[in-house]
Amino acid sequence: MISFLIFLSVFLFMECVTWLTHKYIMHGLMWYFHADHHQPKYEHTFERNDIFFVIFATPSIILFYLGVQGGFNYLFFIACGVTLYGVCYFLIHDVLIHQRFKWFKNTKNKYLIGLRKAHKMHHKHLGKEHGECFGMLFVPFKYYKM
C-alpha cells in the first residue's frame, strides 16, 4: 500500500514540477531549446525541445536502477510515478495536442478538449514572455466550458 501511495504522490507531484519547469526553465534559462516548439508549422520531425524528454528521463532511469539495486525499494516506485507521468505527457502533449502522431484525432472527451484549448492558449504566445497554462494534466476549468 505504501508503494502505491509513493507512486501516486510522485505522479501528482510531477504536475507541479512540470508547471515550474515549463514556466521558469523552458520559458527562461533554456528557452533556446524550447523556442522552436512555439513556432507555427515546425517543419522537422524532431525539435530542439525534444531534449527535455532526455533531461526528464535521466533521473527516472537512475531511480529505477537504484530502486532495483535496493530490492525494489521506494526509489523504484518514485521512478514508476515519474515514468508514468512522462508517458501521459507524451500521449497528451505530443499525440493528442500537437498531433505528432495521428492517434487520437477526433476525440469528443470534454477533458481532453479542455486540455487542447488550454494548450492552444499557451501557444498563442510565440515568445517566452506572457505565457499561460504551463501545466499539462490540470488546467483551469474555464477551458472546459469554452
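-8 is the number of the first residue of the sequence shown in the numbering used here; add one for each residue after it.
Think of the CB as a built atom: it goes at the ideal place given N, C-alpha and C, for glycine as much as any other residue.
Query raised in the report: Taking the C-alpha atoms as reference points, what is the distance between Leu20 and Asp41?
Result: 16 Å
Query raised in the report: Excluding sequence positions up to five away, which residues of its chain have a Cβ less than 7 Å from the Cβ of Tyr76?
Result: Phe2 and Met5
Report task. For the alpha helix (DSSP H) containing Tyr15, list its first residue and its last residue. Result -> No alpha helix (DSSP H) contains Tyr15, which DSSP labels as neither H nor E.
Query raised in the report: Beta-carbon separation of Met17 and Phe43 under 8 Å?
Result: yes
Query raised in the report: What do you reckon, are the CB atoms on Trp10 and Phe125 nearer than 8 Å?
Result: yes
Report task. Rounded to whole angstroms, what's the CA-CA distance from Ser51 to Met(-8)? Just pull it up for me. Result -> 21 Å
**Report entry** Residues near Thr74 in its chain [Cβ-Cβ closer than 6 Å; skip 5 each side]
**Finding:** Ser51
Query - Classification of Ile53 by the beta-carbon crowding that lies within 10 angstroms, buried from 16 upward - result: exposed
**Report entry** Segments assigned alpha helix (DSSP H), at least 4 residues, entirely inside the stretch 86 to 122
**Finding:** 101 to 114
**Report entry** Among Cys71, His121, Leu117 and Ala48, nearest to Asp143 - alpha-carbon criterion
**Finding:** In this structure the chain extends from -8 to 137, so residue 143 is not present and cannot be described.
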